[in-house]
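Colleague:
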Amino acid sequence: MEGRWVLHFDMDAFFASVEQLTRPTLRGRPVLVGGLGGRGVVAGASYESRVFGARSAMPMHQARRLVGPAAVVLPPRGVVYGVASGKVLDTVRAMVPVLEQLSFDEAFGEPTELVGAGSDDVVRFCEELRLQVRRQTGLIASVGAGSGKQLAKIASGLAKPDGVRVVRRDEERALLADLPVRRLWGIGPVAEEKLHRLGIDTVGALAALSGTEVADILGGTIGPALHLLAKGIDDRPVAERLGAKQISAESTFAEDLMTLDQLRDATGPIGEHAHQRLERDGRGARTVTVKLKKSDMSTLTRSATLPYATADAATLIGTARRLLLDPVEIGPVRLIGVGFSGLSDVLQESLFPDLEQTLEASDSHQVGPAATRADHSEAWRIGDDVAHRSLGHGWVQGAGHGVMTVRFETRASGQGPAHTLPHDSPDVVRANPVDSLDWPDYVAAMVGAE
1 MEGRWVLHFD
11 MDAFFASVEQ
21 LTRPTLRGRP
31 VLVGGLGGRG
41 VVAGASYESR
51 VFGARSAMPM
61 HQARRLVGPA
71 AVVLPPRGVV
81 YGVASGKVLD
91 TVRAMVPVLE
101 QLSFDEAFGE
111 PTELVGAGSD
121 DVVRFCEELR
131 LQVRRQTGLI
141 ASVGAGSGKQ
151 LAKIASGLAK
161 PDGVRVVRRD
171 EERALLADLP
181 VRRLWGIGPV
191 AEEKLHRLGI
201 DTVGALAALS
211 GTEVADILGG
221 TIGPALHLLA
231 KGIDDRPVAE
241 RLGAKQISAE
251 STFAEDLMTL
261 DQLRDATGPI
271 GEHAHQRLER
281 DGRGARTVTV
291 KLKKSDMSTL
301 TRSATLPYAT
311 ADAATLIGTA
321 RRLLLDPVEI
331 GPVRLIGVGF
341 SGLSDVLQES
351 LFPDLEQTLE
361 ASDSHQVGPA
371 ATRADHSEAW
381 RIGDDVAHRS
391 LGHGWVQGAG
401 HGVMTVRFET
411 RASGQGPAHT
421 LPHDSPDVVR
431 ANPVDSLDWP
441 DYVAAMVGAE
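Using UniProt numbering, the first residue of the sequence shown is number 1, and each one after it goes up by one.
#1: Among residues of its own chain, excluding the 5 on either side of W5, which ones have a beta-carbon nearer than 6 Å to its beta-carbon?
#2: Should L335 be labelled buried (16 or more other beta-carbon atoms within 10 Å of its own) or exposed?
#3: So the alpha helix (DSSP H) C48 belongs to, where does it begin and stop?
#4: Just tell me which of V203, D235, E250 has its CA closest to the CA of L179.
#5: Helix, strand or coil, according to DSSP, for Q262 in the structure here?
#6: Mapping DSSP to helix, strand and coil, what is G223?
#7: So what does DSSP say about residue 454, is it helix, strand or coil?
#8: Report the residue ranges of all alpha helix (DSSP H) runs contained in full by the region 370-440; include only those spanning at least 4 residues, in chain order.
#9: Taking its Cβ as the centre, do 16 or more other Cβ atoms sit within 10 Å of T310, making it buried, or is it exposed?
#10: I think Q20 touches V33, with their Cβ atoms under 8 Å apart; what is that distance to the nearest whole Å?
#11: In the DSSP assignment, what residue or residues form a beta bridge with L300?
#12: With V338 and K293 assumed to form a contact (beta carbons below 8 Å), what rounded beta-carbon distance in angstroms separates them?
#13: Checking the sheet assignment: what are the DSSP bridge partners for A145?
#14: Which value, in whole angstroms, describes the spacing of the CA atoms of F125 and L139?
#15: Is the beta carbon of L66 less than 8 Å from the beta carbon of V92?
#16: So, helix, strand or coil for P30, using DSSP?
#17: Helix, strand or coil for M104? Go by DSSP, reduced to three states.
#18: I need the DSSP call for P59, collapsed to helix, strand or coil.
#19: Using a Cβ-Cβ cut-off of 8 Å, state whether L114 counts as contacting chain D.
#20: Is H196 buried or exposed, if buried means 16 or more other CB atoms sit within 10 Å of its CB?
#21: Grab me the residues of T252's own chain with a C-beta within less than 7 Å of its C-beta, minus the 5 sequence neighbours each way, in chain order.
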């Protein structure tokens with residue numbers, strides 16, 4: 001479309017920013033979110049930690065060493081990020097109804113009212129978009145705009161943190177020309193190495209080649225498309241991803257299953273069946289749900305939400321197995337179902353090799369009522385959400401030697417007081433992490449829509 005403007009909306013340091021939003025004591029402090037084990041990887045790093053060199057996908061032990069004693073390391077809270085993402089994107093949709101969501105924290109949009117607009121008008125629109133997100137959620141975003149997706153995404157990177165960058169038509173070629181060739185959409189490590197061996201290090205150098213040369217180097221299918229992008233030609237449409245919201249499979253058994261081992265064995269083939277459907281769909285899943293129908297025909301469901309989308313069968317099926325309940329405790333089981341939802345085109349499983357230790361499991365009303373009964377046989381850990389009978393919602397800042405330090409605060413409370421309590425205090429229960437967002441009306445609307 002002539003005169004089109006594509007926007008790329010990208011939340012800044014999203015996981016860490018949500019932690020700082022819901023735990024006001026952490027604002028201005030270097031926060032690292034990710035796996036806490038020996039193979040732990042950083043899923044998100046606040047800007048305060050990035051000044052020390054920490055970044056996403058870095059081994060956690062390396063990031064902690066760079067930041068030093070000031071580092072605050074927290075396990076991911078996938079369900080909180082999912083709810084925060086939903087409210088952010090709902091806010092954006094109020095101004096840009098059609099969004100092509102890429103992940104929790106980024107999306108493309110193409111507002112019809114900006115067709116043919118001047119760059120100054122686009123800047124004002126983007127600033128208003130960021131302002132609305134800040135007002136509605138308390139989170140910050142960067143927005144880039146250009147004539148196509150490629151330029152919009154590059155522009156949002158240049159706008160970070162907390163800014164707007166609009167690439168005018170007359171500066172497109174110059175902006176692209178000096179960028180490393182790896183910045184071009186679709187250029188991975190293998191293609192980058194091929195181009196480097198030929199002395200082609202920048203997008204401008206790639207654009208200067210003939211179409212035949214590019215096809216010889218990168219192949220006849222992908223080469224021409226990348227050549228057009230290098231020249232600033234990008235007419236790919238912005239469109240909502242259509243398709244199923246959940247992919248699942250289930251099986252009813254001729255004889256009731258009586259042991260946990262039987263459930264685990266049966267879950268494998270059911271999960272594989274669901275995974276095959278997921279592969280055909282071409283997306284990854286962020287949430288795993290297990291349904292158990294008992295012999296009395298009552299149904300129990302449990303779910304776990306990852307802070308990333310994955311298509312890895314072992315991760316998804318392993319998660320399903322961890323959600324199973326023992327028939328010795330709940331009664332015989334006649335049906336098992338495994339479902340995958342939170343579907344996304346963006347897969348990040350390689351970043352989280354030890355997230356099996358940090359999954360957040362709950363019943364089917366995962367974003368619903370606040371507290372669940374505390375299980376004091378399990379040790380409290382840093383980052384756990386708790387609710388106190390009189391002090392309200394809080395999170396564990398430290399635990400050990402029979403006590404825990406809890407900071408009682410939420411997004412709306414401002415920095416709250418810290419209290420040291422016995423680890424087995426009867427006044428403390430485990431809480432739904434979503435309550436830290438303190439968006440009761442929004443969460444209630446989400447549950448009602450399910």
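Here a beta-carbon is modelled for each residue, glycine too, at the ideal position from N, C-alpha and C.
No experiment lies behind these values; they were computed from the predicted model shown.
Modeller: So, from the data block:
#1: If we look at W5 and ignore the five residues flanking it on each side, its Cβ neighbours are L114, V122, A145.
#2: Result: buried.
#3: In the sequence as displayed, the identity of residue 48 is Glu instead of Cys. DSSP places E48 in the uninterrupted alpha helix (DSSP H) bounded by 47-50.
#4: It is V203 whose Cα lies nearest to the Cα of L179.
#5: The answer is helix: DSSP assigns Q262 an H, G or I state.
#6: Looking at G223 - three-state DSSP - the assignment turns out to be helix.
#7: Only positions 1 to 450 of the chain appear in the structure, and residue 454 is not among them; the question remains open.
#8: Fully enclosed alpha helix (DSSP H) runs of 4 or longer: not present.
#9: Counting other Cβ atoms within 10 Å of its Cβ, T310 reaches 16 or more and is therefore classed as buried.
#10: So it is not a contact: roughly 10 Å between Cβ atoms.
#11: As DSSP reads the structure, L300 sits in a beta bridge with L292.
#12: Actually they are not in contact, since the Cβ atoms of V338 and K293 sit about 13 Å apart, beyond 8 Å.
#13: DSSP lists L7, V166 as the beta-bridge partner residues of A145.
#14: Going by the C-alpha atoms only, they are around 18 Å apart.
#15: Contact flag unset, no.
#16: In the structure shown, P30 adopts coil according to DSSP, grouped into three states.
#17: The sequence given here places Phe at residue 104; Met does not occur at that position. Of the three classes helix, strand and coil, the one that applies to F104 here is coil, per DSSP.
#18: Residue state, collapsed to three classes: strand.
#19: Within the model displayed, chain D is absent; a lone protein chain is all it includes.
#20: Burial is judged here by how many other beta carbons sit within 10 angstroms of a residue's own beta carbon; H196 has fewer than 16 and is exposed.
#21: Within the same chain, T252 has close Cβ partners R334, L335.
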